[in-house]
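All remarks here apply to the structure that follows.
Chains as they are written, first to last, in this note's numbering: chain P, 212 to 296; chain A, 13 to 246.
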């Protein structure tokens with residue numbers, strides 16, 4: 212089982228990286244870009260076959276370490292090994 | 013007054029802090045390795061600057077799980093003096109010992125420069141030797157020092173007077189132009205409600221001798237060293 216975790220800065224947190232990428236895209240002519248947020252993608256491989264259990268454990272991992280709730284939001288999905296690419 | 017300076021893999025300001033404590037102030041010093049499990053009787057523990065555990069994931073995120081951090085949390089609960097400088101401030105926020113977080117500088121630049129700081133609390137063991145509304149000249153050196161807290165936390169900090177240092181111009185005016193990193197309310201340093209845990213982004217250990225271009229940082233070290241209020245460590 213693999214958890215695909217996405218961590219993004221909260222909407223209320225300034226994201227200077229996103230702003231800079233947005234400006235870069237604008238200078239390349241991508242005028243339709245109205246906003247860019249830069250976050251993190253984390254893959255966690257788990258030795259478990261229970262999706263229910265994996266969901267609970269990954270949720271806890273996100274809350275305790277992978278994301279900082281003060282500044283970041285997280286979401287994830289679960290895929291079976293070999294199916295994620 | 014015995015100082016302990018914590019060393020994580022990746023810490024880089026430990027010797028600078030140790031030098032000021034030992035050679036400039038003349039106080040008792042010990043280094044505390046992150047895997048240690050006791051604080052060796054220290055009265056003040058300094059979490060110095062650097063990149064603890066490479067700042068992997070987020071600044072301070074891994075350091076907070078070091079074996080020593082459990083002892084440090086209990087030490088702070090007992091009223092021990094805990095002082096986080098730069099990366100140390102980031103660790104204290106990640107550990108939940110101080111509210112808020114430090115995020116990427118608004119400029120996206122690593123800023124290494126002198127700043128002026130308005131001192132808003134002089135009743136603390138860390139600032140007792142500062143004059144009321146003193147302006148200190150202390151350098152910063154960080155890429156992720158922009159202080160962030162949600163509106164409720166920020167207003168609680170302000171109401172309780174927990175903002176200790178604010179970036180200001182040399183005459184002490186807190187203006188946007190004096191803010192080097194985009195910190196909310198120009199915040200450079202905060203203290204917990206009890207007044208024994210201080211976090212600050214600027215580096216007082218880098219300006220404690222005239223040879224380094226300034227001695228304002230020494231005021232803070234001397235404040236702690238000469239702290240007449242005996243720390244309540246059991």
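For every residue, glycine included, the Cβ atom is placed at its ideal position computed from N, Cα and C.
### Task
Please name the residue or residues paired with residue 251(P) in a DSSP beta bridge.
218(P)
### Task
Tell me, please, whether the segment 207–215 of chain A touches the segment 89–98 of chain A by the rule of three or more beta-carbon pairs shorter than 8 Å.
yes
### Query
Considering only residues of the segment 72–134 of chain A, which uninterrupted beta strand (DSSP E) runs meet the minimum length of 3 residues and lie entirely inside it, listed in chain order?
93–97, 113–115 and 123–131
#### Entry: Beta carbon proximity, residue 216(P) to chain A, threshold 8 Å
no
### Task
With 8 Å as the C-beta to C-beta threshold (strictly closer), list the residues of the segment 114–134 of chain A near chain P in chain order.
115, 116, 117, 118, 119 and 120
### Query
Can you round the beta-carbon distance between residue 253(P) and residue 113(A) to whole angstroms, since I take them to be within the 8 Å contact cut?
Wrong, their Cβ atoms sit about 18 Å apart, outside the cutoff.
### Message
Relative to the C-alpha of residue 131(A), which candidate in 189(A), 198(A) and 65(A) has its C-alpha closest?
### Response
198(A)
### Task
Determine the chain P residues that contact residue 90(A) at a beta-carbon separation under 7 Å, and present them in chain order.
None at all; the shortest Cβ gap to chain P is about 25 Å.
### Query
By the 10 Å Cβ neighbour count, where 16 or more other Cβ atoms means buried, how is residue 107(A) classified, buried or exposed?
buried
### Query
Along chain A, which residues have their Cβ under 7 Å away from the Cβ of residue 282(P)?
113, 115 and 160
### Query
Going by other Cβ atoms of all chains shown within 10 Å of its Cβ, with 16 needed for buried, is residue 231(A) buried or exposed?
buried
### Query
Would you call the segment 214–224 of chain A and the segment 29–39 of chain A touching, i.e. three or more CB-CB distances under 8 Å?
yes
### Query
Should residue 193(A) and residue 167(A) be called a contact, given that it needs their Cβ atoms to be closer than 8 Å?
no
### Query
chain C partners of residue 200(A), CB-CB under 8 Å?
Any reference to chain C falls outside this structure, whose protein chains are P and A.
### Query
Using a Cβ-Cβ distance under 8 Å, would residue 164(A) count as near chain P?
no
### Message
Going by C-alpha to C-alpha distance, which of 15(A), 25(A) and 46(A) sits closest to residue 53(A)?
### Response
15(A)
### Query
Taking Cβ-Cβ distances shorter than 8 Å, what residues in chain A pair up with residue 231(P)?
120
### Query
By the 10 Å Cβ neighbour count, where 16 or more other Cβ atoms means buried, how is residue 187(A) classified, buried or exposed?
exposed
### Task
Work out the CA separation of residue 24(A) and residue 76(A) for me, nearest whole Å.
17 Å
### Message
Which residue wins for smallest C-alpha separation from residue 280(P), given the options 170(A), 212(A), 239(A) and 160(A)?
### Response
160(A)
### Query
When the Cα atoms are used, what is the spatial distance from residue 236(P) to residue 222(P)?
20 Å
### Under the three-state DSSP convention, the category residue 233(A) falls into
helix
### Query
So, helix, strand or coil for residue 273(P), using DSSP?
helix
### Task
Please name the residue in 154(A), 83(A) and 140(A) whose C-alpha comes closest to that of residue 49(A).
83(A)
### Query
In chain order, what residues of the same chain have a beta carbon less than 8 Å from the beta carbon of residue 42(A), not counting five sequence neighbours either side?
14, 15, 16, 17, 52 and 54
### Query
Closest Cβ-Cβ distance between residue 194(A) and chain P: below 8 Å?
yes
#### Entry: Within chain P, partners of residue 73(A) - CB distance below 8 Å
276 and 279
### Query
Is the beta carbon of residue 218(P) less than 8 Å from the beta carbon of residue 276(P)?
no
### Query
What residue does the alpha helix (DSSP H) around residue 163(A) start on, and which one ends it?
163–171
### Query
For the segment 124–142 of chain A against the segment 96–105 of chain A, are there 3 or more C-beta pairs whose distance is under 8 Å?
no
### Query
Between residue 74(A) and residue 224(P), is the Cβ-Cβ spacing less than 8 Å?
no
### Task
Mind checking which residues open and close the beta strand (DSSP E) that includes residue 288(P)?
283–290
### Task
Indicate whether at least one CB of chain P lies closer than 8 Å to the CB of residue 106(A).
yes
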